[in-house]
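A.B. asks:
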Amino acid sequence: MARPLPRILSTPTARGAASILFGMVLLGFTDNFVRVIAAESGLWQFHALRSALAVPLMVVAGLILGMPLRPRRWKAVAVRGGVQAASMLIYFGALAFMPIAQVAPGLFTAPIFVLLFAAVFFGQRIGPRRLAAVGIGFLGILVMLRPDPASLELATFVPVAAGAFYGLSNLLTREWCAEEPVAALLLSFFLILGFAGVAGSLVVAGLPAAEGAPSAADFLVRPWGPLSGPALLVIVLQAAGSLLAVGCIAWGYQSGETSYLTVFEYFFLATASFWAWAIWGETLDALGYLGIALIVGSGLLIALSAAPGTSAARL
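Plus 21 on top of the position in the sequence shown (first one is 1) and you've got our numbering.
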């Protein structure tokens with residue numbers, strides 16, 4: 022006789038939340054090791070190798086578990102996968118030269134961009150509550166990044182660009198790919214990232230070697246080369262960990278109410294910061310935590326505004 026679930030996991034939404042939380046803990050851990058890869062591998066080699074491991078794992082899992090891997094609308098899935106792949110290329114590129122505790126909040130500005138893109142591209146109305154959420158989130162971005170007008174660099178806003186692409190991919194998932202199998206979306210994402218990795222590798226192979234280039238630039242233009250055991254192990258960890266984590270997140274969203282579950286993605290900010298402290302000894306100052314709080318508060322306000330039974334006209 023099967024043991025009953027704990028009372029806290031007695032509802033589908035609660036089980037979905039637990040699954041998403043586990044996925045966030047796993048992603049926060051694996052993403053902290055990107056710097057190990059960046060010391061030896063290039064961005065393009067990393068994505069090519071990771072996809073070369075993830076795609077076969079995804080195909081085998083789909084065949085064993087009976088998950089449909091073929092999309093219904095190829096073009097929509099391809100565009101959505103390309104946009105999400107762009108967000109991850111920017112995100113992992115930023116991790117090479119910025120602490121994860123600073124990069125992660127930029128990625129999680131995505132709900133702000135979902136609202137903005139929904140209004141611009143799909144004509145959806147943004148009410149006063151959601152406009153306030155956008156303002157709070159933008160303030161959080163400024164507090165986190167603290168750009169100095171006297172020495173403003175484009176690299177400062179790289180994590181926010183990742184958040185913009187991630188937000189657009191989430192919007193396209195809802196508007197164009199709502200009926201697509203989750204496994205098909207995941208497989209297409211890793212395939213596109215893999216092709217991007219191969220294409221980028223061919224491009225950088227033809228570039229002249231940069232002498233004394235900064236580590237960040239080196240990560241972006243470094244050609245293929247031999248990797249040490251630890252670097253290969255991290256790539257394997259990234260492939261398996263990201264598949265498991267994204268699978269947990271997808272299952273979580275299928276299990277309960279999306280508008281309530283989306284707030285649990287923000288747990289990634291806490292787990293990424295915790296692992297950065299536990300593994301590398303990195304910490305944020307008070308303003309850094311204030312910026313995270315403002316960005317999380319913005320996402321919470323957006324999610325609560327989307328709760329069932331709330332009139333869209335008032336939002």
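We put the beta carbon where it would ideally sit given N, CA and C, even for glycine.
On the premise that residue 102 lies in contact with residue 270, defined as a C-beta separation below 8 Å, what is that separation, rounded to the nearest angstrom?
C.D. replies: The pair is not a contact, with the Cβ atoms about 16 Å apart (cut-off 8 Å).
A.B. asks: Please work out which residues of its chain come closer than 6 Å, Cβ to Cβ, to residue 260, disregarding the five sequence neighbours upstream and downstream, and give them in chain order.
C.D. replies: These residues qualify, in order along the chain: 71, 74 and 75.
A.B. asks: Give the secondary structure of residue 23 by DSSP, where H, G and I count as helix, E and B as strand, and everything else as coil.
C.D. replies: Unreliable placement is indicated for residue 23, whose pLDDT of 49 sits below 50; the coordinate value is still reported in the next sentence. Three-state result, residue 23: coil.
A.B. asks: Using alpha carbons as the reference points, say which of 298, 146, 165 and 117 lies closest to residue 129.
C.D. replies: Closest by alpha carbon: 165.
A.B. asks: Between the alpha carbons of residue 80 and residue 148, how many angstroms are there, rounded?
C.D. replies: If I take the Cα positions, the gap works out to 43 Å.
A.B. asks: Should residue 304 be labelled buried (16 or more other beta-carbon atoms within 10 Å of its own) or exposed?
C.D. replies: So residue 304 counts as exposed.
A.B. asks: Taking the alpha helix (DSSP H) that residue 32 belongs to, which residues open and close that run?
C.D. replies: Element bounds for residue 32: n/a, residue is neither H nor E.
A.B. asks: Kindly indicate which residue of 217, 247, 219 and 187 has the alpha-carbon position closest to the one of residue 125.
C.D. replies: Selected option, being the one with the closest Cα: 187.
A.B. asks: Do the stretch 87-107 and the stretch 149-163 meet, that is, are 3 or more Cβ pairs less than 8 Å apart?
C.D. replies: Touching, no.
A.B. asks: Classify residue 299: buried if its beta carbon has 16 or more other beta carbons within 10 angstroms, exposed otherwise.
C.D. replies: Residue 299 comes out exposed.
A.B. asks: Please tell me whether residue 85 has its Cβ less than 7 Å away from any Cβ of chain C.
C.D. replies: You won't find chain C in this structure, because it holds only one protein chain.
A.B. asks: Check each candidate in 244, 34, 61 and 67 and name the one with the smallest Cα separation from residue 258.
C.D. replies: When only C-alpha atoms are compared, the closest one is 67.
A.B. asks: Hey, how far is the Cα of residue 152 from the Cα of residue 175?
C.D. replies: The alpha-carbon atoms of residue 152 and residue 175 are separated by roughly 26 Å.
A.B. asks: Give every residue of the same chain whose Cβ lies closer than 6 Å to the Cβ of residue 95, excluding the five residues on either side of it in the sequence, and list them in chain order.
C.D. replies: So no residue of the chain qualifies.
A.B. asks: Is the number of C-beta pairs between the stretch 240-249 and the stretch 46-63 that are closer than 8 Å three or more?
C.D. replies: Yes, since at least three Cβ pairs between the stretch 240-249 and the stretch 46-63 fall closer than 8 Å, the two stretches touch.
A.B. asks: What is the residue span of the alpha helix (DSSP H) that residue 123 lies within?
C.D. replies: Residues 121-128.
A.B. asks: Find the nearest neighbour of residue 88 within the set 208, 266, 295 and 306, judged by alpha-carbon distance.
C.D. replies: Nearest C-alpha to residue 88: 208.
A.B. asks: For residue 227, name the three-state secondary structure that DSSP assigns.
C.D. replies: In this structure, residue 227 counts as coil in the three-state DSSP scheme.
A.B. asks: So residue 132 is in the alpha helix (DSSP H); what residue range does that whole segment cover?
C.D. replies: Note, residue 132: alpha helix (DSSP H), 131-143.
A.B. asks: I think residue 313 touches residue 282, with their Cβ atoms under 8 Å apart; what is that distance to the nearest whole Å?
C.D. replies: About 20 Å separates the two Cβ atoms, so there is no contact after all.
A.B. asks: May I ask you to report which of helix, strand or coil DSSP gives residue 52?
C.D. replies: Note: residue 52 maps to helix in three-state DSSP.
A.B. asks: Under the rule that 16 or more other beta-carbon atoms within 10 Å means buried, what is residue 121, buried or exposed?
C.D. replies: Answer is buried; the Cβ neighbour count reaches 16.
A.B. asks: Does any heavy atom of the ligand PLP sit closer than 6 Å to the C-beta of residue 248?
C.D. replies: By its list of ligands, the structure shown contains no ligand whatsoever, and the ligand PLP lies outside what it can speak to.
A.B. asks: Please confirm whether residue 240 and residue 64 have their CB atoms less than 7 Å apart.
C.D. replies: Yes; because the gap between Cβ atoms is below 7 Å, this pair is in contact.
A.B. asks: Taking residue 323 as the reference, which of 134, 98, 35 and 301 has the closest Cα?
C.D. replies: The shortest C-alpha separation from residue 323 is found at 134.
A.B. asks: Straight-line CA distance for residue 273 to residue 286?
C.D. replies: Going by the C-alpha atoms only, they are around 11 Å apart.
A.B. asks: When you compare only the Cα positions, how much space is there between residue 309 and residue 163?
C.D. replies: Near 10 Å, if we compare the C-alpha coordinates of residue 163 and residue 309.
A.B. asks: Rounding to the nearest angstrom, what Cα-Cα distance links residue 77 and residue 205 in this structure?
C.D. replies: Taking the straight line from one Cα to the other gives about 13 Å.
A.B. asks: Buried or exposed: where does residue 306 fall if 16 or more other Cβ atoms within 10 Å of its Cβ makes it buried?
C.D. replies: By the neighbour-count rule (16 or more Cβ atoms within 10 Å), residue 306 is not buried but exposed.
A.B. asks: In or out: residue 143 buried (at least 16 other Cβ within 10 Å) or exposed?
C.D. replies: By the neighbour-count rule (16 or more Cβ atoms within 10 Å), residue 143 is not buried but exposed.
A.B. asks: Starting from residue 101, follow the alpha helix (DSSP H) in both directions and report where the run begins and ends.
C.D. replies: 95-116 is the span of the alpha helix (DSSP H), which, as asked, contains residue 101.
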